[in-house]
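Here the protein sequences line up with chains D and S, keeping their order. Residues 1 to 109 in my numbering are what the first sequence lists, from first letter to last. Residues 1001 to 1115 in my numbering are what the second sequence lists, from first letter to last. Just so you know, even glycine gets a beta-carbon here, dropped at the ideal spot from N, CA and C. Keep in mind it's a predicted model, so treat the numbers as computed, not measured. Take a look at the structure set out below.
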Amino acid sequence: EQQVQQSPASLVLQEAENAELQCSFSIFTNQVQWFYQRPGGRLVSLLYNPSGTKQSGRLTSTTVIKERRSSLHISSSQITDSGTYLCAMERSNYNVLYFGSGTKLTVEP
Amino acid sequence: NAGVIQTPRHKVTGKGQEATLWCEPISGHSAVFWYRQTIVQGLEFLTYFRNQAPIDDSGMPKERFSAQMPNQSHSTLKIQSTQPQDSAVYLCASSLGQTSQNTLYFGAGTRLSVL
């Protein structure tokens, strides 16, 4: 069973539009992280957000643990935001991150 | 700091051959993870070491895959009798400690192609 589900699978935006990415978990977790991967590039950690709302620049993540979901909001998207965004969760006391299949974001001029 | 270093970047093997993948974690990081990434399956956890000790290998196909961490500066993932379905990008990652409290840093990966 896929423990982490992400939606949408892909998203195309015009530059300056906002993006909303969703992540849901099949089991309860208290550790949620968001990662970014440019095509052919390394996975890079964006935000660690176990609960509530966290912001980093144009990125805002909201995690509602009791509803087993997290979201990532990207404001004023830029062409350089294009890539795949992955959500990951850690099973309690497991110390291992399990990843969703990602949302492929394309930002067009 | 060059980050997590993985070698080789690309490896091509024939079916049935052995492949050894190398990972050099960031100096001072005590946790090392191996993942496999494919388009179909996404990112799959394979195995994890903490302070060089194997902690969890629940994601490893037991028959042909093995991982070791002989010292704090490198880890290896060995695949015996490679099969076409082993073709994937193998990613190594390291962190200072528990992932819940420390950022996970990924290497660029080794792309394994089994012909």
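Alpha carbon of residue i to alpha carbon of residue j, nearest angstrom
{"i": "S:Ile-1026", "j": "D:Gly-100", "result": "25 Å"}
{"i": "D:Ser-24", "j": "S:Thr-1007", "result": "34 Å"}
{"i": "S:Leu-1046", "j": "S:Glu-1063", "result": "13 Å"}
{"i": "S:Trp-1034", "j": "D:Leu-21", "result": "26 Å"}
{"i": "D:Pro-109", "j": "D:Thr-103", "result": "19 Å"}
{"i": "D:Arg-68", "j": "D:Tyr-98", "result": "14 Å"}
{"i": "S:Gln-1041", "j": "D:Ser-70", "result": "21 Å"}
{"i": "D:Gln-31", "j": "S:Asn-1102", "result": "11 Å"}
{"i": "S:Met-1069", "j": "S:Arg-1111", "result": "20 Å"}
{"i": "D:Ala-9", "j": "D:Gln-2", "result": "14 Å"}
{"i": "S:Pro-1061", "j": "S:His-1074", "result": "21 Å"}
{"i": "S:Ile-1005", "j": "D:Gln-55", "result": "30 Å"}
{"i": "D:Thr-29", "j": "D:Leu-86", "result": "16 Å"}
{"i": "S:Glu-1024", "j": "D:Thr-84", "result": "25 Å"}
{"i": "S:Gln-1072", "j": "D:Asn-18", "result": "43 Å"}
{"i": "D:Arg-38", "j": "S:Phe-1065", "result": "28 Å"}
Identity of the residues DSSP links to residue i by a beta bridge
{"i": "S:Pro-1084", "result": "Paired residues: none, contrary to the question."}
{"i": "D:Gly-52", "result": "D:Thr-63"}
{"i": "D:Gly-83", "result": "D:Leu-105"}
{"i": "S:Tyr-1048", "result": "S:Phe-1033 and S:Asp-1056"}
{"i": "S:Gln-1006", "result": "S:Cys-1023"}
{"i": "S:Glu-1018", "result": "Its beta-bridge partners do not exist; DSSP assigns none."}
{"i": "D:Ile-74", "result": "D:Ala-19 and D:Leu-59"}
{"i": "D:Arg-69", "result": "D:Ser-24 and D:Val-64"}
{"i": "D:Tyr-36", "result": "D:Val-44 and D:Tyr-85"}
For residue i, the first and last residue of its enclosing beta strand (DSSP E)
{"i": "S:Asp-1056", "result": "1053-1056"}
{"i": "D:Glu-20", "result": "19-25"}
{"i": "S:Ala-1067", "result": "1065-1071"}
{"i": "D:Ser-7", "result": "4-7"}
{"i": "S:Val-1114", "result": "1110-1114"}
{"i": "S:Leu-1077", "result": "1074-1079"}
{"i": "D:Tyr-98", "result": "97-99"}
Neighbourhood of residue i by C-beta distance below 7 Å, restricted to the same chain and skipping five residues each side
{"i": "S:Thr-1038", "result": "Ala-1088"}
{"i": "S:Asp-1056", "result": "Thr-1047 and Tyr-1048"}
{"i": "S:His-1029", "result": "Ser-1094, Ser-1095 and Leu-1096"}
{"i": "D:Arg-58", "result": "Ile-74, Ser-75 and Ser-76"}
{"i": "S:Lys-1015", "result": "Thr-1082, Gln-1083, Pro-1084, Val-1114 and Leu-1115"}
{"i": "S:Asp-1086", "result": "Ile-1079, Leu-1112 and Val-1114"}
{"i": "D:Val-96", "result": "Glu-90"}
{"i": "D:Ser-45", "result": "Gln-33 and Phe-35"}
{"i": "D:Thr-63", "result": "Val-32, Asn-49, Pro-50, Ser-51, Gly-52 and Ser-70"}
{"i": "D:Glu-12", "result": "The identity of residue 12 of chain D in the sequence shown is Val, whereas the question assumes Glu. Within the same chain, D:Val-12 has close Cβ partners Thr-106 and Glu-108."}
{"i": "D:Gln-14", "result": "Glu-108"}
{"i": "D:Ala-16", "result": "Ser-76 and Ser-77"}
{"i": "S:Glu-1044", "result": "Tyr-1035, Arg-1036 and Gly-1059"}
Cβ shell of residue i (< 8 Å), same chain only, five flanking positions each side left out
{"i": "S:Gly-1003", "result": "Ile-1026, Tyr-1105 and Gly-1107"}
{"i": "D:Leu-47", "result": "Gln-33, Trp-34, Lys-54, Ser-56, Leu-59, Ser-61 and Leu-72"}
Same chain, Cβ closer than 6 Å to residue i, five either side skipped, listed in chain order
{"i": "S:Glu-985", "result": "There is simply no residue 985 of chain S to check, as chain S begins at 1001 and stops at 1115 in what is shown."}
{"i": "S:His-1010", "result": "Arg-1111"}
Check: residue i C-beta below 7 Å from any heavy atom of the ligand COA
{"i": "S:Val-1114", "result": "Inclusion of the ligand COA in the displayed structure is not the case, the ligand content being empty and no account of it being possible."}
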